[in-house]
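Here the protein sequences line up with chains A and B, keeping their order.
Residue 435 is where the first sequence ends in the working numbering, and the numbering goes up by one at each step.
Residue 327 is where the second sequence ends in the working numbering, and the numbering goes up by one at each step.
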Amino acid sequence: MSGFPRDQAAIVGIGATEFSKNSGRSELRLAVEAVTAALAEAGIDPAEVDGLCTYTMDNNPEIEVFRNIGGRELRFFSRIHYGGGAAGAPLQQAALAVSAGIAGVVVCYRAMNERSQYRFGSGYTPPPLPTAESAHYGYYVPFGLMSPASWVAMAARRYMHEHGATSEDFGRVSVVCRKHAASNPRAWFYQQPITLEQHQASRWIVEPLHLLDCCQESDGAVAIVVTSSQRARSLRQTPVLIRAAAQGAADDQQMMTSYYRRDITRLTEMELVAAQLYAQSGLAAADIDAAILYDHFSPFVLPQLEAFGFAGRGQAKDFIREGNLELNGRLPTNTHGGQLGEAYIHGMNGVAEGVRLVRGTSCNQVPGAANVLVTAGTGVPTSGVILARPE
Amino acid sequence: MSDATDLVTRARAFVGKPAATPVAARDPVNLPAIRRWCDAMGDRNPVYQDAAAARAAGFDGIVAPPAMLDVWTMSPFRPGGRASTERMQVLELFDAAGFTGVVATNVEQDYDRYLHEGDRVHCTAIVEDVSEEKRTALGVGHFVTLRYEFTDDAGDAVGRMLFRVLKFRPPLAQAATAQAAAVPKSIPHPRPAVTHDNAFFWEGIKARRLLVQCCAACGRLRHPPGPMCPQCRSLEWRTVEASGRGTIHSFVVMHQPRLPALHYPLTILLVELAEGVRVVANLLEAGAQQLQIGRAVALDFVEVEPGYLLPAFRLA
Chain A
45 MSGFPRDQAA IVGIGATEFS KNSGRSELRL AVEAVTAALA EAGIDPAEVD
95 GLCTYTMDNN PEIEVFRNIG GRELRFFSRI HYGGGAAGAP LQQAALAVSA
145 GIAGVVVCYR AMNERSQYRF GSGYTPPPLP TAESAHYGYY VPFGLMSPAS
195 WVAMAARRYM HEHGATSEDF GRVSVVCRKH AASNPRAWFY QQPITLEQHQ
245 ASRWIVEPLH LLDCCQESDG AVAIVVTSSQ RARSLRQTPV LIRAAAQGAA
295 DDQQMMTSYY RRDITRLTEM ELVAAQLYAQ SGLAAADIDA AILYDHFSPF
345 VLPQLEAFGF AGRGQAKDFI REGNLELNGR LPTNTHGGQL GEAYIHGMNG
395 VAEGVRLVRG TSCNQVPGAA NVLVTAGTGV PTSGVILARP E
Chain B
12 MSDATDLVTR ARAFVGKPAA TPVAARDPVN LPAIRRWCDA MGDRNPVYQD
62 AAAARAAGFD GIVAPPAMLD VWTMSPFRPG GRASTERMQV LELFDAAGFT
112 GVVATNVEQD YDRYLHEGDR VHCTAIVEDV SEEKRTALGV GHFVTLRYEF
162 TDDAGDAVGR MLFRVLKFRP PLAQAATAQA AAVPKSIPHP RPAVTHDNAF
212 FWEGIKARRL LVQCCAACGR LRHPPGPMCP QCRSLEWRTV EASGRGTIHS
262 FVVMHQPRLP ALHYPLTILL VELAEGVRVV ANLLEAGAQQ LQIGRAVALD
312 FVEVEPGYLL PAFRLA
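Printed below as a string of structure tokens:
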């Protein structure tokens, strides 16, 4: 089952605001700034937009964005659930809409003041009436297990126990991300690399996670313009093909607390995404030239490497220790600095970096990168894409 | 010179000088004011209100709670705002520059002696320090440190206070955040959401029983509760009471963020019950250093608020 319209849709424009801890303006304004910047980069008039796509935990309704950019006829709009887990899914929907002829120009966006306006990582606040979702959080929040970091930490501890990974192994992910961020002028942590010693000395957030295992909440917006590959050829940017795009939720799936599976050290939903991406694209792990792996918290980068076959089960720590995430390693990873180093725009900034890598315009360019993997939120129902250079 | 540098320079011209006109307390130290303050603070120490108890403690009569030091000279509430003599020009400089938000960040008091009924307190506030521009969670701002000197009618020092505020530029969106930070309030222990599907679980906890859902058709146990058996799709179910024995499958020690009702660092366990299902709950009475995956634990219950029970585990 790989009916995905491989290479039929392309990313033709990317746009973003600055990344900060206090944007000083509304989330909606961030959204329209990023959307129009992406369209300007693509050379497409905003009035041509007929599709908009985002994902939940974004407060900007499609129609508000649409009326502000002066849109006229919106034929396709969708919003995918589960926050950052959906970062790749809007591209899947955009590619499907474009290839089916439902829409001509679809803009995917993410915009928020998750730092200045609310604290995204501060914990779960239940709605006034009980729902299946709030009932779920009732098994954790009354015990103080109430933040994304804490939900990840529980799985991370078990991963360490079963596979012999250490806090330093998690730290090596943070160090390489911050190294890449240090040479990315857009990054919040531009020119601020860290050492493994600093990682180890940073305060506990939730043991076994140190502060420097956690991304920082950010204000900012990113937008991605998708149209048909055919039209892309006549636009001003080098087209970046959407070679594969998939979503995944798997056995006994929960929102960050899939603690009831036999093995809680795997990301089975990401394994499902990996299987689909490889089947759609006809590619294998060996064909992937660089990766943007979702890194809201460093520990989940390890099982992602295993889900995609870059390392065997439990062996991601060795893959990382060998320096394979570095620019000269086997799999240059998070060349923009990741969410640990650039900004936490729930994966959409990672998609933009994937586009730059394929175009050859990353500030930490991987020479000859032709196939780039971009993954979305981990520990939640998730998604991913493979972006590719036209032949 | 940039506007920001200019602002700091102008504000720092006040350093070492009085921040406002020195004030004398409107009322001498008195029992009614002490009573209201103790009621509000929940302070039941009798030496503040009962002369006999105060004498038994070695005082001549009742004494004021030391922490009331700055209460006596506080400006009265004026619906139209503070009087010109009460306003602090150094803070008004920041207001005028758009740093209209204010939040108290530090208070340190030193006491030279107890205050007795009839003492009249005098206060002078002096500007101690003005910070460079800082980026904080509330927004961009400057910390302003004030030193309050308190004296009696004779001019002798009775205490002093260091008081630091953050004057910040509040984006519109931050009004709620700023207010929440300035006015801490007690937050009840989080409640679970109770639905038709999980009411049995929380009712069981109230009765000190950890109930596990069991499919009435195929016998498979499941947790967290749900309406349908994922194995045989039956909607019929019963419950079995957990033995309370289990092992630690994983655990975390929570430092941030914190719930007001809990004690930190807080240990949270993922326990694999002897019956085969897993549950999340807190660990009672043990330091994290004793913990390891695989250790045996035993079920208990903890009353986190009157009438509100939660399951918890002890090392077995």
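Where is the CB? At the ideal position from N, CA and C, for every residue including glycine.
Just so it is clear, the structure is predicted and the values come from calculations on it, not from any experiment.
Beta-carbon contacts of A/PRO252 that lie in its chain and below 7 Å, excluding the five residues immediately before and after: Here residue 252 of chain A refers to the residue found at position 208 when the first sequence is read from its first residue. Here the set comprises ALA197, ALA200, ARG201, MET204, SER211.
Minimum Cβ-Cβ distance from A/THR312 to chain B less than 8 Å: One-based indexing of the first sequence puts residue 312 of chain A at position 268. So, not an interface residue.
Assigned secondary structure, B/LYS217 (DSSP; H/G/I helix, E/B strand, else coil): In the second sequence, the residue the question calls residue 217 of chain B occupies position 206. Reduced to three states, the DSSP call for B/LYS217 is helix.
3-residue-minimum beta strand (DSSP E) runs that sit fully inside the stretch 246-308 of chain B, ordered along the chain: 248-252, 256-265, 277-284, 289-294
Nearest-angstrom beta carbon gap, B/THR135 and B/TRP179 [assumed within contact, 8 Å]: In the second sequence, the residue the question calls residue 179 of chain B occupies position 168. In the second sequence, the residue the question calls residue 135 of chain B occupies position 124. Looking at the sequence itself, residue 179 of chain B is Phe, so the reference to Trp does not match. With a Cβ gap of about 26 Å, B/PHE179 and B/THR135 do not count as contacting.
Segment contact flag, the stretch 13-24 of chain B with the stretch 361-373 of chain A, C-beta cutoff 8 Å, min 3 pairs: no
Contacts that B/SER261 makes with chain A (C-beta to C-beta distance below 8 Å): Here the question's residue 261 of chain B lines up with position 250 in the second sequence. Simply MET198, ALA199, ARG201, ARG202, HIS205, TYR303, ILE308.
Contact belief for A/ILE55 with A/ILE268 at Cβ below 8 Å, rounded distance in angstroms: For the purposes of this step, residue 55 of chain A is taken as the residue at position 11 of the first sequence. For the purposes of this step, residue 268 of chain A is taken as the residue at position 224 of the first sequence. A/ILE55 to A/ILE268, Cβ: 6 Å. Contact.
Buried versus exposed call for B/GLN224 [16 or more other C-beta atoms within 10 Å across all chains shown]: The residue you call residue 224 of chain B lines up with position 213 of the second sequence. B/GLN224 comes out buried.
Terminal residues of the alpha helix (DSSP H) in which B/MET99 lies: Here residue 99 of chain B corresponds to residue number 88 of the second sequence, with the count starting at 1. That residue, B/MET99, is in no alpha helix (DSSP H); it is neither H nor E in DSSP.
Cutoff 8 Å: A/HIS390 Cβ touching any chain B Cβ: Here residue 390 of chain A refers to the residue found at position 346 when the first sequence is read from its first residue. Not closer than 8 Å to any Cβ of chain B, the Cβ of A/HIS390 fails to qualify, so no.
Residue of B/GLU283, B/GLY109, B/VAL74 minimising C-alpha distance to B/GLY129: Taking the second sequence and counting its residues from 1, the one referred to as residue 129 of chain B is at position 118. For the residues B/GLU283, B/GLY109, B/VAL74, the minimum Cα distance to B/GLY129 belongs to B/VAL74.
Per-residue contacts from A/SER194 into chain B (C-beta, under 8 Å): Reading the first sequence from its first residue, position 150 is the one you call residue 194 of chain A. The answer, in chain order, is VAL263, MET265, ILE279.
Any chain A beta carbon closer than 8 Å to B/VAL313: By one-based count along the second sequence, residue 313 of chain B stands at place 302. Taking Cβ atoms only, chain A never reaches closer than 8 Å to B/VAL313, which makes this a no.
Neighbour flag for B/LEU321 against chain A, beta carbons, 8 Å: Counting from 1 along the second sequence, the entry for residue 321 of chain B is found at position 310. Yes, B/LEU321 counts as interfacial toward chain A.
Per DSSP, cross-strand counterpart(s) of A/MET439: In the structure displayed, chain A extends from 45 to 435; residue 439 of chain A sits before or after that span and is not available.
Through-space distance from A/PHE354 to A/ALA318, alpha-carbon basis: Translated into the one-based positions of the first sequence, residue 318 of chain A becomes position 274. Translated into the one-based positions of the first sequence, residue 354 of chain A becomes position 310. About 11 Å.
Closest Cα partner of A/GLY326 within the set A/TYR181, A/GLY381, A/ILE430, A/GLN52: In the first sequence, residue 326 of chain A corresponds to position 282, counting from 1. Residue A/ILE430 is the option with its Cα nearest to A/GLY326.
Any chain E beta carbon closer than 8 Å to A/SER262: Annotation note: the requested chain E is absent from the structure, which comprises protein chains A and B.
Range covered by the beta strand (DSSP E) that runs through B/HIS133: The residue given as residue 133 of chain B occupies position 122 in the second sequence. Start and end: 133-141.
Distance, A/LEU255 Cα to A/GLU397 Cα: For the purposes of this step, residue 397 of chain A is taken as residue 353 along the first sequence, with counting starting at 1. For the purposes of this step, residue 255 of chain A is taken as residue 211 along the first sequence, with counting starting at 1. When rounded, the distance between both Cα atoms is 25 Å.
C-alpha gap between B/THR162 and B/VAL132, whole angstroms: What you label residue 162 of chain B is simply residue 151 of the second sequence in a count that begins at 1. What you label residue 132 of chain B is simply residue 121 of the second sequence in a count that begins at 1. About 6 Å.
Bounding residues of the beta strand (DSSP E) (the contiguous stretch that carries A/TYR153): On the first sequence, residue 153 of chain A is found 109 positions in, with the first residue counted as 1. Where A/TYR153 is concerned, the enclosing beta strand (DSSP E) stretches over 150-157.
N-terminal and C-terminal residue of the beta strand (DSSP E) that B/MET172 is part of: Within the second sequence, residue 172 of chain B is the residue found at index 161, counting from 1. That run of the beta strand (DSSP E) goes 168-179.
Simplified DSSP assignment, three categories, for B/PRO29: What you label residue 29 of chain B is simply residue 18 of the second sequence in a count that begins at 1. In the structure shown, B/PRO29 sits in a strand (DSSP, three-state: E or B).
Euclidean distance between Cα positions of B/GLN267 and A/PHE164: Reading the second sequence from its first residue, position 256 is the one you call residue 267 of chain B. Reading the first sequence from its first residue, position 120 is the one you call residue 164 of chain A. Near 13 Å, if we compare the C-alpha coordinates of A/PHE164 and B/GLN267.
Separation of A/HIS224 from A/VAL402, as counted between CA atoms: Counting from 1 along the first sequence, the entry for residue 402 of chain A is found at position 358. Counting from 1 along the first sequence, the entry for residue 224 of chain A is found at position 180. So the alpha carbons of these two residues sit roughly 17 Å apart.
C-beta neighbour in chain A for B/THR116, strict 8 Å: On the second sequence, position 105 is the one that residue 116 of chain B refers to. No, B/THR116 lies away from the interface with chain A (no Cβ there is under 8 Å from its Cβ).
Simplified DSSP state of A/ASN393, which is helix, strand or coil: Residue numbering aside, residue 393 of chain A sits at position 349 when the first sequence is read from its first letter. If DSSP states are grouped into helix, strand and coil, A/ASN393 belongs with the helices.
Cβ-based neighbour list, A/SER143, same chain, cut-off 6 Å, excluding 5 preceding and 5 following: Stepping through the first sequence from its first residue, residue 143 of chain A is reached at position 99. The answer, listed in chain order, is PRO49, GLN52, ALA53.
Counterpart residues of A/ASP333 in DSSP-defined beta bridges: If you number the first sequence from 1, residue 333 of chain A lands on position 289. DSSP output for A/ASP333 lists no bridge partner at all.
Residue closest to A/THR175, alpha-carbon to alpha-carbon, out of B/ASN293, B/CYS49, B/GLY237: Numbered from its first residue, the first sequence carries residue 175 of chain A at position 131. Here the closest residue by C-alpha is B/GLY237.
Opposing strand residues paired with A/ASP213 [DSSP bridges]: As a working mapping, residue 213 of chain A is identified with position 169 in the first sequence. According to DSSP, which records beta bridges pairwise, A/ASP213 is partnered with nothing at all.
Where B/CYS49 sits in the DSSP three-state scheme: Counting from one through the second sequence, the residue named residue 49 of chain B turns up at place 38. Note: B/CYS49 maps to helix in three-state DSSP.
Segments of 3+ residues assigned as beta strand (DSSP E) that fall wholly inside the stretch 62-102 of chain A: 95-99
A/GLN274: first and last residue of the uninterrupted alpha helix (DSSP H) it sits in: Position 230 of the first sequence holds residue 274 of chain A. Element bounds for A/GLN274: 273-276.
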